[in-house]
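Numbering (our numbering), first residue to last: 136 to 473.
See the structure below:
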């Protein structure tokens with residue numbers, strides 16, 4: 136069963152008040168379903184929010200404060216793990232460091248919190264390194280795993296977590312380039328899939344969006360690195376600056392791969408709407424595009440549509456390996472739309 140962010144928090148808060156809060160939660164849903172915000176609220180629930188008097192009006196009243204972000208909450212009590220390697224993998228080393236931090240002493244009545252963002256990027260070795268903490272957690276330890284792909288986690292991880300599936304927010308902000316990609320999908324879909332030329336046109340549009348986003352990500356991280364160099368170059372050894380250079384290179388690649396996966400999910404979700412239209416299901420992820428997806432549904436068979444979705448999912452799996460991206464995209468789009 137999927138919950139709204141507020142409903143999920145109510146359930147967790149009720150368990151905490153009854154002193155029956157689980158030690159590990161797996162929060163699932165699409166990237167913008169509210170998993171990180173729910174995580175922040177849970178951290179503030181167990182350890183107390185930031186200054187409760189901030190923003191009080193003349194009468195001492197104030198609306199519920201916005202929770203701090205996960206990055207703002209990170210510190211001695213809260214450790215955050217996220218993919219940082221070029222391969223967008225969470226390493227065994229990262230998980231062992233997180234595990235070690237959970238056993239360090241903390242203030243009285245405070246919880247040690249471990250947050251794993253994009254938990255599906257751990258891989259088998261990192262997951263196995265994390266199992267001991269899941270099986271035998273220390274006192275006042277809260278582990279929060281967030282992922283949009285829970286099926287990629289080991290069953291042993293899934294069985295040891297309380298799962299909270301979040302509904303996708305209908306009001307989420309579109310990704311930069313998403314509207315452009317949906318427009319091309321609609322045009323080619325209405326013209327009819329099954330053509331080599333149209334498959335390659337769609338692949339070219341997909342690559343164009345990716346190239347533009349990669350350039351934006353690279354510029355932002357280059358600027359951040361230059362700012363660090365200017366600030367620390369007189370007080371820091373050269374080895375540290377080299378480490379930061381490598382960090383930003385890996386971060387750029389990591390953020391790019393995340394967005395590539397998101398845009399692939401956009402296409403799979405759009406095809407999912409076409410399948411729903413074919414089956415007469417009213418609930419759509421892209422209701423504004425219902426006329427287009429209905430038209431495509433009428434011109435393609437259900438078997439063919441499911442095959443196209445499966446081909447895109449296989450493309451996603453292929454891109455997670457060391458395969459050449461241009462080659463994988465060409466083959467994948469030909470199989471999905473050719």
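Note that the Cβ used here is the ideal one computed from N, Cα and C, for glycine as well.
The Cβ atoms of residue 316 and residue 339 lie no closer than 8 Å to each other. Excluding its 5 nearest sequence neighbours in each direction, residue 138 has C-beta neighbours in its own chain below 8 Å: 146, 299, 300, 301, 302, listed in chain order. In this chain, the alpha helix (DSSP H) harbouring residue 361 covers 331-367. Exposure of residue 415 is indicated by the presence of fewer than 16 other C-beta atoms within 10 angstroms of its C-beta. Ranked by Cα distance from residue 140, the options 330, 356, 175, 238 are led by 175. Residue 391 is positioned such that its CB atom lies no closer than 8 Å to that of residue 360. In chain order, 333 place their CB closer than 8 Å to the CB of residue 326, counting only its own chain and leaving out the 5 sequence neighbours on each side. Between the region 431-441 and the region 278-292 there are fewer than three C-beta pairs closer than 8 Å, too few to call the two in contact.
Assignment of residue 159 by DSSP, reduced to helix, strand and coil, places it in the strand class. Annotation: the continuous alpha helix (DSSP H) that includes residue 205 extends over 205-208. Using a Cβ-Cβ distance cut-off of 8 Å, the region 176-183 and the region 239-251 are in contact, since at least three pairs of beta carbons, one from each stretch, lie closer than that value.
Scanning the region 258-323 from its first residue to its last, the whole alpha helix (DSSP H) runs of 4-plus residues come out as 258-270, 290-293. Per the coordinates, the alpha-carbon of residue 142 lies some 47 Å from the alpha-carbon of residue 331.
Here residue 227 is not bridged, per DSSP, to any residue.
If you check the CB distance, residue 244 and residue 282 do not come in under 8 Å. According to DSSP, residue pairing for residue 138 in a beta bridge involves 301.
With respect to the 8 Å criterion, residue 158 and residue 277 are classified as neighbours on the basis of their beta carbons. Residue environment for residue 421: buried (at least 16 other C-beta atoms within 10 angstroms of its C-beta). According to the DSSP assignment, residue 416 belongs to no beta strand (DSSP E), since it is labelled neither H nor E. Secondary structure of residue 247 (DSSP, three-state): strand. For residue 154, the closest alpha carbon among the candidates 380, 356, 274, 377 is that of 274. Rounded to the nearest whole angstrom, the CA to CA distance from residue 328 to residue 472 is 5 Å.
Around the beta carbon of residue 413, 16 or more other beta carbons sit within 10 angstroms, so the residue counts as buried.
Taking the C-beta atoms as reference points, residue 410 is found no nearer than 8 Å to residue 447.
Under the three-state reduction of DSSP output, residue 216 falls in the strand class.
If you compare the alpha carbons of 354, 374, 379, 450 with that of residue 397, the shortest gap goes to 450. Exposure of residue 438 is indicated by the presence of fewer than 16 other C-beta atoms within 10 angstroms of its C-beta. Residue 226 and residue 294 have their C-alpha atoms some 22 Å from each other. Around the beta carbon of residue 213, a 10 Å sphere encloses 16 or more other beta carbons of the protein chains shown; the residue is thus reported as buried.
Residue 208 is not a Cβ neighbour of residue 162, given a cutoff of 8 Å. The beta carbon of residue 150 sits closer than 8 Å to the beta carbons of 156, 157 from its chain, once the five residues preceding and following it are set aside; these are given in chain order. Its chain contains 180 as the residues whose beta carbon lies nearer than 8 Å to that of residue 148, once the 5 sequence neighbours on both sides are disregarded; these appear in chain order. Looking at the backbone, the Cα of residue 241 and that of residue 218 are separated by about 26 Å. Within its own chain, the residues whose Cβ lies closer than 7 Å to the Cβ of residue 284, once the five positions on either side in sequence are excluded, are 255, listed in chain order.
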